[in-house]
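**Student:** Residue numbers (the numbering used here): -2 to 410.
Glycine included, each C-beta is placed from N, C-alpha and C at the ideal position.
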Ligand SMILES: C[S@@+](CC[C@H](N)C(=O)[O-])C[C@H]1O[C@@H](n2cnc3c(N)ncnc32)[C@H](O)[C@@H]1O
């Protein structure tokens, strides 16, 4: 298996960014068509799981409204450096550098290795653009990426937070708080209200048929990301807005952050996709977007910053292994996440050549954290073993994550 395939296997979520840029090209966002061609996606493969042209149109409206409104908010936010986490395959780097910004694109390594040469070819030589492979839940990767970057930062997060578990979402909130403390600036994100934006858009444009089209959209996103829920304590639930909003605000407040809600309807530029809508649909859509907000998040200077100690002790990933009589003995150190999981997958493929491994025993004494990418790999390993994987020496956090995901602790027998 190639390195790229290995990265894709632990991070299927990266494919959602190909869907997003295909939708941007459909909506007529400048330069998106060039990126789609460079990615060889002219056949619209990422959109083929959507059942009909109307569902694609609904998604294109959401994506264009988000892209153009975010560009406007970034331009109004001050601070010369835009940190786009995650940058995906969008043309934002091109737009922002044309508007005098420094652009730092952060995404999973599999995305960055593909998007960077495409953007560089489109903009030519530019010192104002850089890309770095990171995992948003891994602070060291973010800190290293921003080592030489001047503040204040405008960090933007479009289309990522909903793919995380509660624990990962909290870790990302803490990581961004730490970046804002270090560099100054703000964090702008439409993600907390993404479900409200989708349901408001589809309801306004498709009326009674909106529910089926929304369900199809959700199924496509879940299928492409291999994520079960598309929700966590940072995401507002349309079925219980007040309670979920209070929960998201209190997550921010716990880490000394506050959110100003920027009205989407009040800040949305004209969209090219209106050409595909009737006048009534446009009126209803604009009205519905007045019920949605993008969140402009900053450090709350009036609050004492909470200790983020639990998130700070990070050692580099390392692994040791030995295979004896069909059992793989593994010892893991640091974080098993998006960045490190491909290393474990490489070892697994090498040792389990031809399905020779029946069971795995993992010493977790020095393992600090497991993200969804790590869990996905452990599940794949479990599926090819006849005995269950046994874990020992896990710290409380790792134990909780493993148990929540149905894994077995050896120490508990
Ligand atoms: C729906 S796409 C959005 C991309 C882009 N912001 C856009 O608007 O098109 C989701 C992106 O989140 C990225 N992503 C998912 N998990 C991540 C993580 N742990 N760290 C960094 N990026 C992540 C994926 O690689 C993908 O590019």
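Any idea what DSSP makes of residue 89, helix, strand or coil?
**Tutor:** helix
**Student:** Would you say the beta carbon of residue 209 comes nearer than 6 angstroms to a heavy atom of ligand 2?
**Tutor:** With respect to ligand 2, the structure shown offers nothing to examine, as its ligands consist of ligand 1.
**Student:** So the beta strand (DSSP E) residue 332 belongs to, where does it begin and stop?
**Tutor:** 324 to 333
**Student:** Taking 7 angstroms as the cut-off, decide whether the C-beta atoms of residue 149 and residue 291 are in contact.
**Tutor:** No, Cβ-Cβ distance for residue 149 and residue 291 is not below 7 angstroms.
**Student:** Pull up the distance between the alpha-carbon of residue 16 and that of residue 44, whole angstroms please.
**Tutor:** 6 angstroms
**Student:** Output yes or no for whether 7 angstroms exceeds the beta carbon distance between residue 94 and residue 78.
**Tutor:** no
**Student:** Between which residues of its own chain and residue 180 is the CB-CB distance below 6 angstroms, once the five residues before and five after are set aside?
**Tutor:** 148 and 150
**Student:** When every heavy atom of ligand 1 is checked, does at least one fall within less than 6 angstroms of the C-beta of residue 87?
**Tutor:** Yes, the beta carbon of residue 87 sits closer than 6 angstroms to at least one heavy atom of ligand 1.
**Student:** Rounded to whole angstroms, what is the Cα-Cα separation between residue 265 and residue 62?
**Tutor:** 7 angstroms
**Student:** Using the three-state DSSP reduction, which class does residue 410 fall into: helix, strand or coil?
**Tutor:** In this predicted model, residue 410 has a pLDDT of only 49, less than 50, meaning its place in the structure is not dependable; the value taken from the coordinates is given anyway. Collapsing the DSSP output to three states places residue 410 in coil.
**Student:** Determine which residues share a DSSP beta bridge with residue 153 and list them.
**Tutor:** 81 and 185
**Student:** Cα-Cα, which of 155, 207, 276 and 382 is closest to residue 49?
**Tutor:** For the residues 155, 207, 276 and 382, the minimum Cα distance to residue 49 belongs to 207.
**Student:** Taking the straight line between their C-alpha atoms, what separation do you get for residue 185 and residue 358?
**Tutor:** If you take the alpha carbons of residue 185 and residue 358, they lie about 43 angstroms apart.
**Student:** Cβ of residue 102 within 7 angstroms of Cβ of residue 81?
**Tutor:** yes
**Student:** Suppose contacts are defined by Cβ-Cβ distances below 7 angstroms. Is residue 112 in contact with residue 86 by that definition?
**Tutor:** yes
**Student:** Cβ atoms of residue 256 and residue 232: under 7 angstroms apart, would you say?
**Tutor:** no
**Student:** Can you tell me whether residue 89 is buried or exposed? The criterion is at least 16 other CB atoms within 10 Å of its CB, across all chains shown.
**Tutor:** Per the 10 Å Cβ criterion, buried.
**Student:** Write down the C-beta distance between residue 229 and residue 132 rounded to the nearest angstrom, noting that I regard them as a contact closer than 8 angstroms.
**Tutor:** By a beta-carbon distance limit of 8 angstroms, residue 229 does not contact residue 132. Their separation comes to about 16 angstroms.
**Student:** Could you check if residue 155 belongs to the surroundings of ligand 1, using beta carbon to heavy atom distance under 6 angstroms?
**Tutor:** yes
**Student:** For a test of the three-state rule: what should DSSP assign to residue 299, helix, strand or coil?
**Tutor:** coil
**Student:** Closer than 6 angstroms by C-beta to residue 410: which residues in its own chain qualify, once you throw out the five before and the five after it? Chain order, please.
**Tutor:** At residue 410 the pLDDT is 49, less than 50, meaning the model places this residue with poor confidence and gives no usable figure here.
**Student:** Buried or exposed: which applies to residue 144, given that a residue is buried once 16 or more other Cβ atoms fall within 10 Å of its Cβ?
**Tutor:** exposed
**Student:** Going by DSSP in three states, residue 320 sits in which element: helix, strand or coil?
**Tutor:** strand
**Student:** From the DSSP output, in three-state form, read off residue 227 for me.
**Tutor:** coil
**Student:** Examine ligand 1 and report whether any of its heavy atoms sits within less than 6 angstroms of the Cβ of residue 11.
**Tutor:** yes
**Student:** Would you kindly check if the distance between the Cβ of residue 55 and the Cβ of residue 199 is under 7 angstroms?
**Tutor:** yes
**Student:** With distances taken from CA atoms, which of 8, 315, 392 and 153 is nearest residue 160?
**Tutor:** Residue 160 has its Cα closest to that of 8, out of 8, 315, 392 and 153.
**Student:** Taking the runs of the alpha helix (DSSP H) that are 4 residues or longer, which of them lie wholly in the segment 109 to 186?
**Tutor:** Qualifying alpha helix (DSSP H) stretches, in chain order: 136 to 142 and 163 to 180.
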